[in-house]
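Engineer: In this text, residue positions in the sequence shown follow our numbering: the first is 2, and each later residue adds one.
Before we start, here is the structure in question, set down as structure tokens.
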Amino acid sequence: MRLVTGKPQGNEKPERVLADIDQPIFSPDGATVYFLTAASASSAAIHAVPAAGGPQRYVTDGNALSVVNKGKYVGSLLVAQHRVMSGHGSWDPQVLMSPAGKTIKVVGEDANALRSVEAERN
2 MRLVTGKPQG
12 NEKPERVLAD
22 IDQPIFSPDG
32 ATVYFLTAAS
42 ASSAAIHAVP
52 AAGGPQRYVT
62 DGNALSVVNK
72 GKYVGSLLVA
82 QHRVMSGHGS
92 WDPQVLMSPA
102 GKTIKVVGED
112 ANALRSVEAE
122 RN
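So, in structure tokens, the structure goes:
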């Protein structure tokens, strides 16, 4: 696989920027590579690309990424997202998401969130 990137040109949408690629990680079946890119001052962006080649797609915003490799949510993503709570400041919870970027549930700020999610059974 070959991925070519450039530098952001200004105030572009994170969905369209592939700059400063970091933390590539494969899906459990090896068919998809997820990775972080530069996005905004408070968040990176998560993209996915087929391992066999093809167009990339924007998944969601997030600052850290893990892929769930076992348990009830195998293949899902665990993403650290920066969230602003009106009148209460901000926090960075771990959010369980589908590979399409849909929120399944907020796990919280637990450092062992991945282990907890992988321990859940059907």
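Using N, Cα and C, we set each Cβ at its ideal position, and we do this for glycine too.
What you are looking at is a predicted structure, and each value in this text was computed from that prediction instead of being measured.
Can you give me the C-alpha to C-alpha distance between residue 55 and residue 48, rounded to a whole angstrom?
Structural biologist: Cα to Cα, residue 55 sits roughly 13 Å from residue 48.
Engineer: What is the DSSP secondary structure of residue 67, reduced to helix, strand or coil?
Structural biologist: Here residue 67 sits in strand by DSSP.
Engineer: Whose C-beta lies closer than 7 Å to the C-beta of residue 66 among residues of the same chain, with five residues either side of it excluded?
Structural biologist: The residues are 24, 26, 35, 37, 47, 78 and 80.
Engineer: Answer with buried or exposed for residue 61, where buried requires no fewer than 16 other C-beta atoms within 10 angstroms of its C-beta.
Structural biologist: Buried, by the Cβ-count rule.
Engineer: Do the CB positions of residue 109 and residue 95 come within less than 8 Å of each other?
Structural biologist: Yes; because the gap between Cβ atoms is below 8 Å, this pair is in contact.
Engineer: What are the residues that DSSP puts in a beta bridge with residue 35?
Structural biologist: Residue 35 is bridged to 26 and 49.
Engineer: For residue 1, count neighbouring Cβ atoms within 10 angstroms of its own Cβ and tell me buried if that reaches 16, exposed if not.
Structural biologist: No statement about residue 1 is possible, as the shown extent of the chain runs from 2 to 123 and does not include it.
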